[in-house]
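Peer 1:
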Amino acid sequence: MNSSTPEAQVQELRRQLQSLLDAAKANERKLDRFDALERRLIAVGSMEELVNLLLVDCRADFGLDAAELWLLDPDGELQRALPALPMVRAPRLLDSHAALKDLFGGVRITRLVGPGHDEALVAKAFGPGTLVRSAALLPLIRQGVLIGSLHFGACDPERYDAYSGTKFLDRLSAIAAIAIESMLNRERLRRAGMTDGLTGVHNRRYFDHRSLIEFSQAVRHRYPLACLFLDIDHFKAINDSHGHPTGDEVLRQVGGLIQRSLRTGDLAARYGGEEFVVLLPRTDLAGAREVAERIRQMVQEAPFVTPEGGTLSATLSAGLAMLPADATSFADLLTAADRALYEAKRAGRNRTVADDLMPAGA
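Just so we're aligned: the sequence shown equals residues 65 to 426 in the working numbering.
1) What separation, rounded to the nearest whole angstrom, lies between the Cα atoms of glutamate 113 and glutamine 80?
2) Span of the beta strand (DSSP E) holding glutamate 354?
3) From aspartate 129 to alanine 332, what distance separates their C-alpha atoms?
4) Three or more beta-carbon pairs under 8 Å between the stretch 281 to 295 and the stretch 232 to 240, yes or no?
5) Assuming leucine 118 contacts alanine 238 under a Cβ cut-off of 8 Å, what Cβ separation, rounded to an integer in Å, is found between them?
6) Considering only the beta carbon of each residue, do glycine 217 and leucine 136 sit closer than 7 Å?
7) Could you tell me how far apart the beta carbons of leucine 214 and leucine 202 are, in whole angstroms, since I believe they sit closer than 8 Å?
8) Cα separation between glutamate 339 and arginine 104?
9) Quick one: what does DSSP say tyrosine 335 is sitting in, helix, strand or coil?
10) Using the C-alpha atoms, what's the distance from valine 209 back to valine 341?
11) Could you check if alanine 424 is buried or exposed, using at least 16 other CB atoms within 10 Å of its CB as the buried criterion?
12) Look at the alpha carbon of lysine 188 and the alpha carbon of aspartate 159, and state the distance between them as a whole number of angstroms.
13) Quick one: using the 10 Å Cβ neighbour count with 16 as the cut-off for buried, is cysteine 122 buried or exposed?
14) Bridge partners of proline 345, per DSSP?
15) Could you tell me the alpha carbon to alpha carbon distance between glutamine 361 and threonine 392, rounded to whole angstroms?
16) Could you check what DSSP says for proline 70 in three-state terms: helix, strand or coil?
17) Please report the distance separating the alpha-carbon of serine 377 from that of leucine 321.
18) Looking at the strands, I want to know which residues DSSP matches up with aspartate 295.
19) With H, G and I counted as helix, E and B as strand and the rest as coil, what does DSSP make of histidine 161?
20) In whole angstroms, give me the CA-to-CA distance for threonine 375 and glycine 337.
21) Taking Cβ positions, are threonine 397 and alanine 385 nearer each other than 7 Å?
22) Report yes if the CB atom of tyrosine 224 is closer than 7 Å to the CB atom of leucine 262, and no otherwise.
23) Cβ of glutamate 354 within 6 Å of any heavy atom in the ligand ATP?
24) Let's test the definition: count the other Cβ atoms within 10 Å of the Cβ of methionine 65 and tell me whether it reaches 16, buried, or not, exposed.
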C-alpha cells in the first residue's frame, strides 16, 4: 500500500498522536515525582534526612546512576556537625569556591553535560573513573550566594543533553537550596543550645543529657567507658596577671586542643570555670590514659596567643576514672574522676592520675 494513501496518512497521524500522548503522560509522571520530591524537601526535619533524600531517594525515584551533593563549608561548621549523623551517603564539603567555579564558571545556571567538549566536567563532578556519561549539574544558590551544587548522573550518554529543558531541575535546585539553608539555620540554633559560647565545646547541659545515654549504653552492652576531668592549672593567676580577656583566650584554645585530640563519638564539654570533662566510650584504661596524656602534653607545649599578640604558657591536670562493671549510677564515675583530679592537683599538677579506688583490672 502506498504510504501516501489516506489510510496510511491516518495511521501516521495516529502514531504521532500516540507518541505525543505518551510524552505528555511521561511528563505528567515526571511532574508528579518532582512535586512529591518538593513536598518532602520542604517537610524534612533534619539535616541527615535532607542529605539522604537528595542522594539516595532522588537516585531511586528518578532512575539515576549517581548523585552527589557538594556544600560549601569554609569554616568547618558542617564538618563538625555531620560526622555523627546517620547518613547512607555523605556530602562533599568544600573549603572554598574553587571546585564550584570549575563546574559553573561565572554563569551559575543548571548545566546539562555529556559527550562532547564539556564531558570533562562529568569527571570533575563524579570523580575520575566514573561510569557516568551524562549529567545535570545544579547550582544551589541562596540570596545570590552559591552555597553548593547537586549532581545527577546517568550512564546513558543521552539522558541529559545540552538541548533539553531545565525548568524542572531549576525549580528543584531552588527548593533544595532553601531546604539546605533552613536545615543549616536549624542546626546552628540546635548547636547554640548545647555548645559553650566561649570555647566551642559542648556545654554542661548537653553533657548531662548525653552522659546518661552513654552510661546506659555502656551498662547494657558491657563496653568500657572512661571519664576525664581536666582542669587548667593556676588559672586564677593567669586572669590576675594577664586579665580576663587573656584567660578567655586560654580557655578557648584549650577547648580547641581537647577537641582535636578526640575521636568521632567521644564527648568533650566545659564543666564550669576552667574545668573540662571528657567521656571516652569503648575505651579501656590504657587508651584513656593515652588520650589524657596527649591532651596534657599538647597544652604544655602550646604557645597560647594573647589578645595583644603575645604568648604565654599553661598546663593542665587530668583525673581519670573507669566505669565499674557493676556500676548503678553515672554520678559515681564523675565522683571518681573528680577525686583523681584532686589527687593530680595535690601531687603537683601538670600530670594525669587515675582513680586508685577503681576495681582491679578496670
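Using N, Cα and C, we set each Cβ at its ideal position, and we do this for glycine too.
Model, not experiment: these values are computed from the prediction.
Peer 2: Taking the geometry as given:
1) Taking the sequence shown and counting its residues from 1, the one referred to as residue 113 is at position 49. Taking the sequence shown and counting its residues from 1, the one referred to as residue 80 is at position 16. Between glutamate 113 and glutamine 80, the C-alpha separation is close to 43 Å.
2) Position 290 of the sequence shown holds residue 354. Per DSSP, glutamate 354 belongs to no beta strand (DSSP E); it is in the alpha helix (DSSP H), 349 to 365.
3) By 1-based counting over the sequence shown, the position of residue 129 is 65. By 1-based counting over the sequence shown, the position of residue 332 is 268. Rounded to whole angstroms, aspartate 129 to alanine 332 spans 40 Å at the Cα level.
4) no
5) Residue numbering aside, residue 118 sits at position 54 when the sequence shown is read from its first letter. Residue numbering aside, residue 238 sits at position 174 when the sequence shown is read from its first letter. Rounded, the Cβ-Cβ distance is 14 Å, inconsistent with contact.
6) In the sequence shown, the residue the question calls residue 217 occupies position 153. In the sequence shown, the residue the question calls residue 136 occupies position 72. Their beta carbons are not under 7 Å apart, which means glycine 217 does not touch leucine 136 by this criterion.
7) Reading the sequence shown from its first residue, position 150 is the one you call residue 214. Reading the sequence shown from its first residue, position 138 is the one you call residue 202. Contact holds; Cβ gap of about 4 Å.
8) On the sequence shown, position 275 is the one that residue 339 refers to. On the sequence shown, position 40 is the one that residue 104 refers to. Going from the Cα of glutamate 339 to the Cα of arginine 104 covers about 44 Å.
9) Residue mapping note: residue 335 aligns to position 271 of the sequence shown, counting from 1. In this structure, tyrosine 335 counts as strand in the three-state DSSP scheme.
10) Taking the first residue of the sequence shown as position 1, residue 341 is located at position 277. Taking the first residue of the sequence shown as position 1, residue 209 is located at position 145. Cα to Cα, the separation comes out at about 39 Å.
11) Reading the sequence shown from its first residue, position 360 is the one you call residue 424. Note that alanine 424 scores 42 on pLDDT, short of 50, meaning its location in the model is unreliable and no value can be drawn from it.
12) Your numbering for residue 188 matches position 124 in the sequence shown. Your numbering for residue 159 matches position 95 in the sequence shown. If you take the alpha carbons of lysine 188 and aspartate 159, they lie about 16 Å apart.
13) In the sequence shown, counting from the first residue as 1, residue 122 sits at position 58. Flag for cysteine 122 reads buried.
14) Residue mapping note: residue 345 aligns to position 281 of the sequence shown, counting from 1. In the DSSP output, where bridge partners are listed per residue, proline 345 has Leu289.
15) Here residue 361 refers to the residue found at position 297 of the sequence shown. Here residue 392 refers to the residue found at position 328 of the sequence shown. Approximately 33 Å between the Cα atoms of the pair.
16) Start at 1 with the first residue of the sequence shown, and residue 70 comes out as number 6. Helix.
17) Reading the sequence shown from its first residue, position 313 is the one you call residue 377. Reading the sequence shown from its first residue, position 257 is the one you call residue 321. Rounded to the nearest angstrom, the two C-alpha atoms are 14 Å apart.
18) Walking along the sequence shown from the start, residue 295 turns up at place 231. According to DSSP, aspartate 295 bridges with Glu339, Ser381.
19) Numbered from 1 along the sequence shown, position 97 holds the residue referred to as residue 161. Residue state, collapsed to three classes: coil.
20) Sequence index remark: in the sequence shown, residue 375 carries index 311 (1-based). Sequence index remark: in the sequence shown, residue 337 carries index 273 (1-based). Each residue's alpha carbon lies about 21 Å from the other.
21) Here residue 397 corresponds to residue number 333 of the sequence shown, with the count starting at 1. Here residue 385 corresponds to residue number 321 of the sequence shown, with the count starting at 1. Checking the sequence shown, residue 397 turns out to be leucine, not threonine. Result yes, Cβ atoms of leucine 397 and alanine 385 sit closer than 7 Å.
22) For the purposes of this step, residue 224 is taken as residue 160 along the sequence shown, with counting starting at 1. For the purposes of this step, residue 262 is taken as residue 198 along the sequence shown, with counting starting at 1. No. Outside cutoff.
23) Because no ligand of any kind appears in the structure shown, any question about the ligand ATP cannot be addressed here.
24) If you number the sequence shown from 1, residue 65 lands on position 1. For methionine 65, the predicted model reports a pLDDT of 45, less than 50, meaning its position is unreliable and no value from the coordinates is stated.
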